[in-house]
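The block underneath contains the structure these notes are about, expressed in structure tokens.
Numbering (this note's numbering), first residue to last: 698 to 1092.
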């Protein structure tokens, strides 16, 4: 091999003789016959010495660590990241129900007896083996697209004979159980939830007035919004007019933008678009009843005393001034959006005025008439049918 035959100038090259001469293949086979050219001799000998000094000791070589090679190390199969609900985790259970990230190990036959829909969801698990089926601790996994809180109460209703669905449960829990019972066609649970909700929203005017003024102190705007949406979603009409009436009395900003609510994943709740549209359309109708009927005596052009012919003439001035003042107060102190309640005794503020007994009687009669007129037309005001239709619409 000549100088020009080198692959790279100054790089090691093998001559034919080196293959036959054992002396050239000593020292761990890293001695090379190097072609030398002039000043490159020293550099080429340095390369040979470097190769000799860095010859690996084969006995020290071991299998590489997976982390050092950048190759993924084989890992055991990971279980899904679920949190077991210890209250409803039965070792003899045959299926794991997962809601959000909470797992319930329960008995498929017991669940199937409660709901034809759930029975249909679980039947493929018993009739076929699916290789792609997610398993968790030896049981197939079925996902419920419901809140973990709602499913937990559903399991408690199934397994705990001492648990009763009634008005003592929080409204967000009743709302979720109404959704679950409707979704999975559990008629007896749905009926129990509706009975509990009617404690807050009875179907007669006087009973509703009593419930609103005595049972609602712990309820929030978010509770009403949630229940309005759930009733709309589940087709419950018997209590929907009363809930929408309460929603219509909330601040306009809350109606438009929603309110903070800790029982939703986002921490916020809004009315559904349909509920929002219907409520915004109903508020002017309610205000019209308030100003023309409920408080009509204050807004009417007839400001004289109803008993002017009977009392002394100055009574006309006193009652007339009071009515004008009360009407002005109602206008200036009502909400900035102009809303007036046609049921001030129920929703407040309900002011009493020192009219003469005849004018007071006229005022009280207007308030009573406004309440009755509002209640009788309530379903139609909120885009529903009459009371007979809405009361039979839950079946």
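Cβ atoms here follow ideal geometry from the backbone N, Cα and C, with glycine treated the same way.
On a predicted model such as this, the values are computed, not experimentally measured, just so you know.
- If you check the CB distance, residue 893 and residue 923 do not come in under 9 Å.
- Closest in alpha carbon position to residue 902, among 929, 1044, 1055, 820, is 1044.
- The residue among 957, 1078, 969, 1066 with its C-alpha nearest the C-alpha of residue 988 is 1066.
- If you look at residue 917, you'll find it isn't in any beta strand (DSSP E); DSSP assigns it neither H nor E.
- Residue environment for residue 844: buried (at least 16 other C-beta atoms within 10 angstroms of its C-beta).
- Rounded to the nearest angstrom, the Cβ distance from residue 815 to residue 881 is 5 Å, consistent with a contact under 8 Å.
- For the options 798, 780, 799, 803, the alpha carbon positioned closest to that of residue 788 is the one of 803.
- In the structure shown, residue 858 adopts coil according to DSSP, grouped into three states.
- With respect to the 9 Å criterion, residue 935 and residue 1090 are classified as neighbours on the basis of their beta carbons.
- Membership of residue 1052 in any beta strand (DSSP E) is not indicated, and neither H nor E is assigned to it by DSSP.
- A distance below 8 Å between beta-carbons, with the five flanking residues on each side excluded, links residue 929 to the following residues of its chain, in chain order: 937, 969, 971, 972.
- Residue 881 carries a coil assignment under DSSP once its states are collapsed to helix, strand and coil.
- Between the alpha carbons of residue 842 and residue 933 lies a gap of roughly 21 Å.
- Secondary structure of residue 799 (DSSP, three-state): strand.
- In the DSSP assignment, no residue is bridged to residue 1087.
- The beta carbon of residue 1083 sits closer than 8 Å to the beta carbons of 1076, 1077 from its chain, once the five residues preceding and following it are set aside; these are given in chain order.
- Distances from the alpha-carbon of residue 957 to those of 810, 918, 931, 994 put 918 closest.
- In the DSSP annotation of this structure, the continuous segment of the alpha helix (DSSP H) that includes residue 982 starts and ends at 970-986.
- The C-beta distance from residue 874 to residue 862 rounds to 7 Å, short enough to fall under 8 Å.
- Here residue 934 carries a coil assignment [DSSP, helix/strand/coil].
- Here DSSP, grouped into helix, strand and coil, assigns residue 832 to strand.
- Per the coordinates, the alpha-carbon of residue 1038 lies some 48 Å from the alpha-carbon of residue 818.
- Nearest to residue 781 by C-alpha distance, out of 1063, 792, 799, is 799.
- The alpha-carbon of residue 779 is positioned some 20 Å away from that of residue 961.
- For residue 839 against residue 792, the beta-carbon gap comes to about 6 Å, under 8 Å, which counts as contact.
- Per DSSP, the unbroken alpha helix (DSSP H) holding residue 1044 starts and ends at 1041-1044.
- By the neighbour-count definition (other C-beta atoms within 10 Å, threshold 16), residue 963 is an exposed residue.
- Your pair residue 905 and residue 975 does not check out as a contact, with CB atoms roughly 19 Å apart and the cut at 8 Å.
- The closest CA to that of residue 909, considering only 859, 1063, 846, 946, is found on 946.
- Beta-bridge pairing by DSSP links residue 781 to 800.
- Taken through DSSP and simplified to helix, strand or coil, residue 840 comes out as strand.
- Residue pairing from DSSP places residue 794 in a beta bridge opposite 801, 839.
- Sequence-distant partners of residue 878 (beyond 5 residues in either direction) whose C-beta falls short of 7 Å from its own C-beta, in its chain, are 886, 887, 890.
- For residue 1076, the uninterrupted alpha helix (DSSP H) segment begins and ends at 1075-1078.
- In this structure, the CA atom of residue 955 is about 10 Å from the CA atom of residue 949.
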